[in-house]
Amino acid sequence: MRRFNIAYTLGCVALAALTLQSCNRSGGLDNLNVITKPYSLLFSDAKGLIYSTNDGQRFEVYTGSDGIPVQTLATSGERMLMVKQGGTILFVSDGANDKFPNFNPTYDSINLFAFGPSMIINLPGYNDSGAVKKDRIYLASRKGSGIVYQDYNGNNDSTWFQVGDPALTDKVTSFARQANGTIVAFDDVSRKIWIKPDLATAWINKPATNLPAAGNGQMYIITQKNDIIAVAVNGNTDGIWRSSDDGATFSKLPDIMVDNVPLKDITCAAAPFGKVLIACTKNHGIWRFSAQGAWESASVGLKEGAEVYAISYKNNTFKNEKTGEYVFVGTNRGLYRSDDLGQNWVRLDVTSINNTFTEVH
């Protein structure tokens, strides 16, 4: 297994530490003078460098990289979790409170067919069976039932346990969580769905009726409130599907059409704060699913030729208790932010040799 030692200008990997960086107000971006809880955004470029920001103006960079792009970034407690592109090893930061944290392998059997950032899900305080609530991490594995878990923030000194629930008859390639707390697991190969309503309840298989059989591309899941959204990506023409009954049945949403031809270059999707469904594409910009049930182009502000690779969303809390909501996308033309749920985009001034950003968390 490989080990990374990444020098960076932050004092700590912890998100809590990231949120304490000072920032100013400029160009409509808010600062810590009026914010009680800033957001913390991590993102990575095509060369594997990792960056962070909490205000969209100042950016810190983890300056060490082996040149391999990052396909998955996640956080748990004071640790950062990372998977390299095409890799089957999960790396975890040691949480060292200095400028040279080590990234060590913590699990080496990730399902090779798992999809990017959805291959792992961190659930803060999910394990509440003891005196102290613990974060739980579920991870797509190529072994056993296809799911392993840990309650110690990915610590490489702690054991990963296989889930042995009888309903898990296939591997898992992506995870999501509904607004009601239910965890959802999906396997792209078999197109099966499982749900876990709470910690004490075993995984339950759902029929996923109407979902098409696996094709040439790939499908993964996200959620919009309590709906499960299955998104076909990487050249797949299966489109986007919605389930409003916990994965029992799915119905297809209208195709995104350009010149009367359905798009097949969707790269990722998200439903920021449950308010709107957004789909990103490689060659046709960004699209929002309207309340009228149609896809509308939403690429205002993107540079011409922008290929969109990743999407994430964050919020912060102001001293007057109002909340700011922001959506971010990584493209080959830089990092963009929207303050109006994806209707308009502003390119953020990230100092980077490589302005292609392929992962955002």
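Residue numbers (our numbering): -7 to 353. Every residue gets a Cβ at the ideal spot worked out from N, C-alpha and C, and that includes glycine.
Within the same chain, and ignoring the five residues on either side of N172 in sequence, the residues whose Cβ sits closer than 7 Å to its Cβ are N218. For G316, the enclosing beta strand (DSSP E) covers residues T315 to T323. Sorting M74, V319 and E299 by C-alpha distance to the C-alpha of R325 places E299 at the top. Within the DSSP bridge table, the entry for Y305 names V319 as partners. Where F349 is concerned, the enclosing beta strand (DSSP E) starts and stops at F349 to V352.
DSSP, read as helix, strand or coil, puts S235 in strand.
With a 10 Å radius around the Cβ and a threshold of 16 neighbouring Cβ atoms, I345 comes out exposed. At a cut-off of 3 residues, the continuous stretches assigned as beta strand (DSSP E) that sit fully inside the region 223 to 302 are 232 to 235, 258 to 262, 269 to 273, 278 to 281 and 287 to 289. Beyond the five residues adjoining it in sequence on each side, N347 comes within less than 7 Å, by CB distance, of R325 and G326 in the same chain, given in chain order.
Listed in chain order, the beta strand (DSSP E) elements of length 3 or more contained wholly in the region 153 to 203 are 166 to 169, 175 to 179, 184 to 188 and 196 to 198. Between the region 43 to 63 and the region 122 to 130, the count of Cβ pairs shorter than 8 Å is below three; the stretches do not touch.
Distances from the alpha-carbon of L115 to those of G48, K188, T161 and A106 put K188 closest. With a 10 Å radius around the Cβ and a threshold of 16 neighbouring Cβ atoms, F310 comes out exposed.
Secondary structure of S110 (DSSP, three-state): helix.
Judged by their CB atoms, G138 and G156 are not nearer to each other than the 9 Å cut-off. Looking at N226, N202, S32 and A38, the one whose alpha-carbon comes closest to that of M72 is S32. With distances taken between CA atoms, L245 lies nearest to R234 out of R234, N308 and N252.
Straight-line measurement puts the Cα of A286 at about 43 Å from the Cα of F153.
Between I214 and G239, the C-beta spacing is not below 9 Å. A direct Cα-Cα distance of roughly 38 Å separates D251 from N103. Within the same chain, Cβ atoms closer than 6 Å to the Cβ of S236 are found at D219, the five residues on either side in sequence being excluded. Excluding the 5 residues flanking it on each side, F51 has same chain C-beta neighbours closer than 6 Å at Y43, T45 and V342, in chain order. With fewer than 16 neighbouring CB atoms inside 10 Å of its own CB, L191 falls in the exposed class. Just so you know, the alpha carbons of S85 and F167 end up roughly 22 Å apart. For I220, the secondary structure class from DSSP, reduced to helix, strand or coil, is strand. A direct Cα-Cα distance of roughly 29 Å separates I232 from L340. In this structure, N145 lies away from S57, with their beta-carbon atoms at least 9 Å apart. For A66, the enclosing beta strand (DSSP E) stretches over residues V62 to S68. Annotation: the continuous beta strand (DSSP E) that includes F95 extends over N94 to Y99.
Leaving aside the five residues that flank G108 on each side, the residues in its chain whose CB is nearer than 7 Å to its CB run, in chain order, Q63 and T64. Straight through space, the alpha carbons of V268 and I196 are spaced by roughly 28 Å.
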